[in-house]
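One structure is given here, and the rest of the page talks about it.
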Amino acid sequence: DAKTTQPPSMDCAEGRAANLPCNHSTISGNEYVYWYRQIHSQGPQYIIHGLKNNETNEMASLIITEDRKSSTLILPHATLRDTAVYYCIVRDYFGNEKLTFGTGTRLTIIP
Amino acid sequence: SQTIHQWPATLVQPVGSPLSLECTVEGTSNPNLYWYRQAAGRGLQLLFYSVGIGQISSEVPQNLSASRPQDRQFILSSKKLLLSDSGFYLCAWSVMMTGKLNTEAFFGQGTRLTVV
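Chains as they are written, first to last, in this note's numbering: chain A, 20 to 130; chain B, 209 to 324.
As structure tokens, then:
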């Protein structure tokens with residue numbers, strides 16, 4: 020019951036922008052969209068989160084559609100070190116402590 | 209700054225043996241704590257989470273158990289391991305800010321358990 024749908028895998032050329040989509044059509048008004056990534060044999064790493072406005076930080080940008088039913092994580096200039104599994108999660112920001120991951124998107128950066 | 213410690217990094221145990229994995233968090237108080245398992249080539253499965261000392265919620269029926277004897281200590285245990293318990297075990301923490309806003313979660317480096 021991860022509540023998100025992501026493509027299982029994607030490739031992106033090194034130096035290009037990687038655009039990772041996520042569908043969350045049943046998202047409720049109290050839920051944020053979070054993105055994490057997991058590099059092989061490591062624990063997941065937080066990337067970014069947002070509610071309804073687009074967000075940007077030093078790692079990535081998050082674009083959320085106006086109806087909030089989908090979002091896109093953008094890695095502006097992908098490097099080989101960005102090869103990882105990327106997880107999109109929706110999480111209630113009030114009082115719901117459970118954090119559930121789906122199967123994510125395996126992003127491979129091609130040299 | 210906050211840090212999370214998880215040990216051991218790797219573990220090989222025979223079927224039927226007990227298990228104890230420990231996770232501790234430093235630099236924060238009253239964190240939410242989580243145990244996840246990741247089988248080879250699979251996604252993250254939430255096993256247990258805890259919002260306070262002695263408060264454990266179980267997500268998946270199994271032969272594993274969790275305990276939280278102290279605020280920043282979370283222990284995953286089994287009395288008798290099965291082959292299917294092999295996997296990558298991850299501990300994580302997050303905090304609930306004023307107004308019950310949950311922050312992002314931070315993960316340990318994991319324990320790779322092989323049951324033989």
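Backbone N, C-alpha and C define an ideal beta-carbon position, used for all residues, glycine too.
List the endpoints of the continuous beta strand (DSSP E) containing residue i.
i: N38(A); result: A37 to N42
i: L254(B); result: Q253 to G260
i: E33(A); result: Careful: E33(A) lies outside any beta strand (DSSP E) and carries neither H nor E.
i: S285(B); result: Q281 to S286
i: L241(B); result: N240 to Q246
i: T232(B); result: L227 to E234
i: V52(A); result: E50 to Q57
i: S273(B); result: L272 to Q278
i: D111(A); result: A103 to D111
i: R125(A); result: T124 to I129
Within 10 Å of its beta-carbon, does residue i have 16 or more other beta-carbons around it, so buried, or fewer, so exposed?
i: N49(A); result: exposed
i: R35(A); result: exposed
i: D86(A); result: exposed
i: Q263(B); result: exposed
i: M274(B); result: Looking at the sequence itself, residue 274(B) is Ala, so the reference to Met does not match. A274(B) is buried by the Cβ-count criterion.
i: A217(B); result: exposed
i: S258(B); result: buried
i: I66(A); result: buried
i: L99(A); result: exposed
i: D20(A); result: Confidence in D20(A) is poor, its pLDDT being 49 and thus under 50, which makes the residue's placement unreliable; the coordinate value appears in the next sentence. Burial call: exposed.
i: T23(A); result: buried
i: N240(B); result: buried
i: R276(B); result: buried
With which residues is residue i paired in a DSSP beta bridge?
i: R320(B); result: T218(B) and F296(B)
i: H96(A); result: Answer is none; H96(A) lacks a bridge partner.
i: S209(B); result: S209(B) pairs with nothing; no bridge assigned.
i: T75(A); result: S80(A)
i: G69(A); result: V52(A)
i: S47(A); result: The partner list for S47(A) (beta bridge, DSSP) is empty, contrary to what the question assumes.
Problem - Residues, ordered as in the chain, of the region 240 to 273 of chain B that lie near chain A by beta-carbon distance below 7 Å - result: N240, Y242, G251, L252, L254, Y257 and V259
Problem - Short-range partners of chain B found in the region 59 to 75 of chain A, where Cβ spacing is below 7 Å - result: Q61, G62, P63, Y65 and H68
Exercise for the section: Would you list, in chain order, the members of the region 89 to 123 of chain A that have their beta-carbon closer than 9 Å to a beta-carbon of chain B? Expected result: V104, Y106, R110, D111, Y112, F113, G114, N115, E116, K117, L118, T119, F120, G121, T122 and G123
Exercise for the section: Taking only beta carbons into account, state which residues of the region 288 to 303 of chain B come closer than 9 Å to chain A, listed in chain order. Expected result: F296, L298, C299, A300 and S302
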